[in-house]
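Mind the numbering: the sequence shown is residues 4 to 422 in the numbering used here, read in order. Built from N, CA and C at the ideal position, the CB exists for glycine as well. Structure record follows, encoded as structure tokens.
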Amino acid sequence: MSKTFCPLPFIHLATRPNGDVRVCCTANASGAGIDDNKGAGLVTEDGVNMNLRQHTIEQVWNSKFMRDTRLQLLNDQVPTSCTKCFQEEANGITSKRQWETEVWNEQLDMDAIVSSTASDGSLPVNIPYFDLRLGNMCQLKCVMCSPHDSSSWIKDWKLQYPKYKSIELKQDQGWDSKYDYTWYQKGSFLGTMKEQAQFIKELYFAGGEPLLIPEHYKILQFMVDTGNAGNCMLRYNSNGIELPDRLLELWNHFKEVRFNFSIDAVGDKNHYIRYPSDWDTIVHNLHILDNTPDNIIVNIACAVQLLNIMYLPELAKWKLSQNFKKVHMHPRTNGDVGTHLVYFPSYLNIRVLPSELKELAAKNIREFTDNPRWLGFIDYMMQEDWSSKLPSTIEYLETCDTTRGTDFRSVFPELNKLA
């Protein structure tokens, strides 16, 4: 394999909530410093975003963009879409490329898959791994989110966007209300997914909130009905608010279910970040999941940002205090909870903190753990000073507080220093 190899373009297809297709959820992601309109997105030769509303899975899979990406990865080159992973690796952070490579080398014969790649980069349309964002339906409006990923944000966005004075806020909070987030209900999508059922080894569902979306259940049902569920792993990023009995019954048929429960802090802090989630409901549902069958694995997935970097040890200690039987972090993150960085909006990134609060966050983490991933966050945070974004941070949080009746300074008292 080449030094830049990643298995995902050879085995994987991913969507955004509006149906746009990308190489993976990290490709052309915020934080890589890339404009989607300058080569990072999955586009046609005419520069049009490929979208499953009007393009078939077959068209996307062997599009020129996908073929070129595969060939680059086989020849020690870094495709534009893949910049973010290599940036993270340079900062000592385990990238998606690294851990996905480890995972799939254990599950598939990657040498055989690479050997079946034609000279032009095309592959048979036998796709083992789908990452599906079936629209933006969600009951939460997390502080780092937007209408693009949460339907609940739309009302607040309409109230808040006209109030922003910062040009940066106007740019980062821009949103096109004409997006169609029901793409998965149209065309041949579900039918083609059913045709792929025999090849599927993993289905990854994320938000919106997948557990609210009926088509998610339809996909699980046809995997069961076609007899392919037993060979398939399910993976989720979910807020865990809804756990219907039907879901738990369907999960029984699958080889493995890996449920990444999105929790960013303890109690009121989590309520602020993942507004308006109820902490008691979260704890209750965690304990339900902790008593599910052995094929279900539960992880806490924490989105690390300016608001919670100082409190990561508090979340990990709380998790340990619960004496869960099976609620652990992802086995490849070497920590007490799974973590990933928030890059967008940039004014919530951990690099924005003033030096005094960066030092406090670093102290809290170092006193708690020598987890390489968490220490990598410290290195990343200290490398650059983004404190010039603080006025946008404060304006954004204060605007959210006015809309929601919250107060970030009382919930995160250390952040009074931002005023």
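When you measure from the CB of residue i to every non-hydrogen atom of the ligand ZN, does any distance come out below 6 angstroms?
| i | result |
| --- | --- |
| Gln201 | The ligand ZN is not among the ligands present in this structure, which contains no ligands whatsoever. |
Which partner residues does residue i have in the DSSP bridge list?
| i | result |
| --- | --- |
| Gly341 | Ala304 |
| Glu252 | In the DSSP output, where bridge partners are listed per residue, Glu252 has none listed. |
| Val46 | Asn52 |
| Tyr132 | His15, Glu205 |
| Asp423 | A query on residue 423 cannot be resolved here, the shown segment of the chain reaching from 4 to 422 and no further. |
| Asn263 | Asn240, Asn302 |
Throw me the rounded Cβ distance for the residue i and residue j pair, which I believe falls under 8 angstroms.
| i | j | result |
| --- | --- | --- |
| Val301 | Lys329 | 6 angstroms |
| Ser241 | Ser265 | 7 angstroms |
| Pro131 | Ile14 | 5 angstroms |
| Asp283 | Val414 | Wrong, their Cβ atoms sit about 17 angstroms apart, outside the cutoff. |
| Pro150 | Trp178 | 5 angstroms |
| Met53 | Val26 | Going by Cβ atoms, the distance from Met53 to Val26 rounds to 11 angstroms, so no, they are not a contact pair. |
| Val146 | Tyr350 | Not a contact, Cβ separation roughly 11 angstroms. |
| Gly230 | Lys258 | About 12 angstroms separates the two Cβ atoms, so there is no contact after all. |
| Val128 | Ile216 | Val128 to Ile216, Cβ: 25 angstroms. No contact. |
| Leu77 | Ser5 | 6 angstroms |
| Gly124 | Asp71 | 6 angstroms |
| Thr409 | Tyr275 | 6 angstroms |
| Glu205 | Met236 | 5 angstroms |
| Val340 | Leu363 | With a Cβ gap of about 20 angstroms, Val340 and Leu363 do not count as contacting. |
At which residues does the beta strand (DSSP E) containing residue i begin and terminate?
| i | result |
| --- | --- |
| Phe236 | A small fix is needed here, since residue 236 is Met in this sequence, not Phe. Residues 236-241. |
Just to confirm the assignment, what range does the alpha helix (DSSP H) spanning residue i have?
| i | result |
| --- | --- |
| His331 | Unbroken run through His331: none, as it is neither H nor E. |
| Glu370 | 358-371 |
| Arg376 | 375-386 |
| Val414 | 411-414 |
| Lys322 | 315-324 |
| Ile397 | 393-407 |
| Gly95 | That residue, Gly95, is in no alpha helix (DSSP H); it is neither H nor E in DSSP. |
| Val63 | 60-64 |
| Lys222 | It is worth fixing the name first, because residue 222 is Ile in this sequence and not Lys. Ile222 -> alpha helix (DSSP H) spans 217-228. |
| Leu423 | Residue 423 lies beyond the range of the chain shown here (4 to 422); nothing can be said about it. |
| Ala115 | 113-118 |
| Asp175 | 170-175 |
| Asn231 | It is not in any alpha helix (DSSP H) - Asn231 carries neither H nor E in the DSSP assignment. |
| Asn288 | 282-292 |
| Lys272 | 271-276 |
| Asp71 | 67-76 |
| Met196 | 192-199 |
Quick one: is residue i buried, meaning 16 or more other Cβ sit within 10 Å of its Cβ, or exposed?
| i | result |
| --- | --- |
| Thr18 | buried |
| Gly138 | buried |
| His287 | exposed |
| Ser395 | buried |
| Asn40 | Note that Asn40 scores 42 on pLDDT, short of 50, meaning its location in the model is unreliable and no value can be drawn from it. |
| Gln57 | exposed |
| Lys361 | buried |
| Gln75 | buried |
| Arg100 | buried |
| Asn374 | buried |
| Ile291 | exposed |
| Leu323 | exposed |
| Pro10 | buried |
| Asn352 | buried |
| Thr405 | exposed |
| Val51 | exposed |
| Glu48 | exposed |
| Glu103 | buried |
| Leu344 | buried |
| Ala115 | exposed |
| Ser153 | buried |
| Arg249 | exposed |
| Thr336 | Caution applies to Thr336, whose pLDDT of 48 falls short of 50 and renders its modelled position unreliable; the model cannot decide the point. |
Subject >> Cβ pair count under 8 angstroms reaching 3, the stretch 55-68 against the stretch 308-326 >> reply: no
- Take every Cβ of the stretch 154-162, pair it with every Cβ of the stretch 240-254, and state whether three or more of those distances are shorter than 8 angstroms. no
Measuring CB atoms only, is the stretch 207-218 touching the stretch 134-151, in the sense that at least three cross pairs come out at less than 8 angstroms? yes
Q: Evaluate contact between the stretch 288-304 and the stretch 249-263, counting only Cβ atoms and requiring at least three cross-stretch pairs below 8 angstroms.
A: yes
Q: For the stretch 78-95 and the stretch 372-382, state whether three or more C-beta atom pairs, one from each stretch, are separated by less than 8 angstroms.
A: yes
Taking 8 angstroms as the cut-off, does the stretch 352-370 touch the stretch 384-391 (at least 3 CB pairs, one atom from each stretch)? yes
Across the stretch 398-406 and the stretch 162-176, are there enough close Cβ pairs to call them in contact, namely three or more that are closer than 8 angstroms? yes
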